[in-house]
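All the letters of the sequence shown, read from the start, carry residue numbers 281 to 715 under the numbering used here.
Input: a single structure, listed below in structure tokens.
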Amino acid sequence: MGRVKASKLTGKFYLRKDRKPDANGKLPIYLEYVMGTKHARTETGVWIEEAYWDEANKAVSRKHPQSARLNNQLEQKRRSIDEQIYEFTQKNSRLTIDNLRAIVQGRPNGKSAKTDFVNYAIETIEQEYKLGKVGVSVRDNAYCSLHKFRQFLMDYQKEDSIYVSEVTVDLIKEYIFWRQRQGNINATINKTITPIIKAARRAVLDKLLDASVAGAIAQLYLPTKKELGDEEDEEVHYLTEGQMAAFVSLYNNVKYPRTKDYMDMFLFSFNACGLRISDIITLEWRNIDFEKRELKKILYKGDVPHTIFLNDNAIKILERWKGKSVSDRFVFGLLPDDFDLRDKEERKRQRLNKNRAILTSLKTLGDKIGLPFNLTMHVARHTFAVWALNRGVDVHKISRLMGHSSVMVTEKVYAKFMPKTLEQEVQDKLNFNVL
């Protein structure tokens, strides 16, 4: 009694209608496994409105705009747990309800040294996210890094999976070499191995990996430019006045109307104190006060309030888009009018998708005017800062207009452009007539 032979157990999804909806009116989807009269349940991390739940098929309804992605996410979680249950039964022959609950809920005693390491690492970062130790962007970046690690495994060993017990220091070194061959800088590589290091440390606690291996892997962080004494963390690309004139000259000659739209967004960013692409995408008409020539919004980065005053060119672009009537809500019509800006995960996905299309068009335009670097929306931001510095605008004012968290950020990024301004300040304001 109490020990039941497993026979290809698989879970079923259900919507927790007994729970109180969150602030967005969404309910959580749970995954449940049944053994006799007992149950093992776990959260899936997917929340939806009740209207989007397909009770008959126990899945997200096709009416949901993200149904394919969400159902795929659910199925991957179920498949991962199903595989862990199968692996456990292969090694232990039988499992109890306690074993099952441990596996389903991701507790250590349900783990096997033959657990897939990438899935294990994903679970590790997901646990940190649920505990509030990391944010959405860190979690999503970790997922992307682990996807790259699977690609490396396929290249290195012709198989995209590896057991926790098979992870070695040499393997992670080979992964670092692989990333270096792809042109990744040390700071980027450090970010990609962080979820691997965290998973290795957790595996020690779960008694799945030797502590000496995890410790040696944690020592593989590479020195960054700052640690090597290189003060320039980022190369600043900006347009000279001649390059800007060449860019503007293309405006009435581009083939596609959408390309002209992207040029407007670039020029608006430049004229609106280097407004970031994330804030261009989420800019609403209610953020604009034409009478006061003022833009007020909550910045995408940092969720902090920001106010700037708009110059003539920025107002001209806004009036042109007002006449287009492409959206009743969003200035540049890059998001649907009913988009929920509180949904940070979807907001990030939209930003990445929209930015990809904009990048493609801007790169083509940059090639046409012979730029020695790729033209991006961030170039508009850098151009504003460099031009403002060279026109003698105080760095503290520039920092505030750009929405930097501190003037030190502005000084660090644009340090090499300040001497020219300082020289002019000396000539114009510090040339004392005492001799």
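Built from N, CA and C at the ideal position, the CB exists for glycine as well.
According to DSSP, is residue 443 helix, strand or coil? DSSP places residue 443 in strand when its eight states are reduced to three.
Expressed to the nearest angstrom, what Euclidean distance is found between the alpha-carbon atoms of residue 282 and residue 439? Caution applies to residue 282, whose pLDDT of 44 falls short of 50 and renders its modelled position unreliable; the model cannot decide the point.
Measure from the alpha carbon of residue 370 to the alpha carbon of each residue in 694, 288 and 349, then state which is nearest. Minimum Cα distance to residue 370 is reached at 288.
Please name the residue, chosen from 650, 630, 447 and 695, that lies closest to residue 346 on a Cα-to-Cα basis. The candidate whose alpha carbon is nearest that of residue 346 is 630.
Is residue 326 helix, strand or coil by DSSP? Judged by DSSP in its simplified three-state form, residue 326 adopts strand.
Quick one: grab the DSSP three-state call for residue 377. Secondary structure of residue 377 (DSSP, three-state): helix.
Alpha carbon to alpha carbon, how far is residue 404 from residue 470? Straight-line Cα distance between these residues: approximately 17 Å.
Go to residue 625, then tell me how far its alpha helix (DSSP H) extends in each direction, as first and last residue. Counting along the chain, the alpha helix (DSSP H) containing residue 625 begins and ends at 624 to 648.
For residue 332, which residues does DSSP report across the bridge? The bridge partners DSSP lists for residue 332 come to none.
Taking just the CA atoms, how far does residue 364 sit from residue 400? Their backbone Cα atoms lie some 10 Å apart in a straight line.
In the DSSP assignment, find the beta strand (DSSP E) that holds residue 588 and state where it starts and stops. Its beta strand (DSSP E) spans residues 585 to 589.
Using DSSP bridges, identify the partner residues of residue 574. Residue pairing by DSSP places residue 574 opposite 569 and 589 in a beta bridge.
Residue range of the alpha helix (DSSP H) that includes residue 292: Taken as a continuous stretch (DSSP letters only), residue 292 belongs to no alpha helix (DSSP H), being part of the beta strand (DSSP E) at 292 to 295.
In the DSSP assignment, what are the bridge partners of residue 321? For residue 321, the pairing in a beta bridge is given by DSSP as 312.
With H, G and I counted as helix, E and B as strand and the rest as coil, what does DSSP make of residue 653? Note: residue 653 maps to coil in three-state DSSP.
Thinking C-alpha only, which one of 684, 324, 643 and 314 is nearest residue 656? Out of 684, 324, 643 and 314, 643 has the C-alpha closest to the C-alpha of residue 656.
For residue 571 and residue 337, I'd like the C-alpha separation in whole angstroms. Rounded to whole angstroms, the separation of the alpha carbons of residue 337 and residue 571 is 54 Å.
Expressed to the nearest angstrom, what Euclidean distance is found between the alpha-carbon atoms of residue 619 and residue 607? When rounded, the distance between both Cα atoms is 12 Å.
Reference residue 635; option with closest CA among 310, 557 and 671: Among 310, 557 and 671, the Cα nearest to that of residue 635 is on 557.
Quick check on DSSP: helix, strand or coil for residue 552? Residue 552 falls in the coil class under three-state DSSP.
For the alpha helix (DSSP H) containing residue 558, name the first residue and the last one. Note, residue 558: alpha helix (DSSP H), 557 to 561.
Hey, residue 667 and residue 609 are a contact pair by Cβ (cut 8 Å); roughly how many whole angstroms apart? The Cβ separation is near 31 Å, so there is no contact.
Simplified DSSP state of residue 235, which is helix, strand or coil: Nothing can be reported for residue 235: it is not among the residues displayed for the chain, which extend from 281 to 715.
Rounded to the nearest angstrom, what separates residue 716 and residue 674 at their Cα positions? No information on residue 716 is available, as it lies outside the stretch 281 to 715 that the chain covers here.
Identify every residue that forms a DSSP beta bridge with residue 396. DSSP lists 443 as partners of residue 396.
Considering only C-alpha positions, which residue in the set 516, 341 and 381 is nearest to residue 290? Here the closest residue by C-alpha is 381.
Quick check: the Cα distance between residue 334 and residue 327, rounded to an integer number of angstroms? Rounded to the nearest angstrom, the two C-alpha atoms are 13 Å apart.
Considering residue 362, what are the terminal residues of the alpha helix (DSSP H) in which it resides? Per DSSP, residue 362 belongs to the alpha helix (DSSP H) from 347 to 372.
Cα separation between residue 716 and residue 356? It is not possible to answer for residue 716, since the shown part of the chain is limited to 281 through 715.
Rounded to the nearest angstrom, how far is the Cβ of residue 324 from that of residue 310, given a contact under 8 Å? The beta carbons of residue 324 and residue 310 sit about 7 Å from each other, so the pair counts as a contact at 8 Å.
For the alpha helix (DSSP H) holding residue 427, just list the boundary residues, first then last. 416 to 437 is the extent of the alpha helix (DSSP H) around residue 427.
Which residues does DSSP pair with residue 564 in a beta bridge? Answer is 610.
Can you confirm whether the region 486 to 501 touches the region 448 to 467 when touching is taken to mean that 3 or more C-beta pairs between the two stretches lie within less than 8 Å? With a cut-off of 8 Å, the region 486 to 501 and the region 448 to 467 count as touching, because enough Cβ pairs lie within range.
Residue 549 burial status per 10 Å Cβ neighbour count (16 or more: buried): The residue is buried, with at least 16 neighbouring Cβ atoms inside 10 Å.
If we count the other Cβ atoms within 10 Å of its Cβ and call it buried at 16 or more, is residue 478 buried or exposed? By the Cβ neighbour-count rule, residue 478 is buried, with 16 or more other Cβ atoms within 10 Å of its own.
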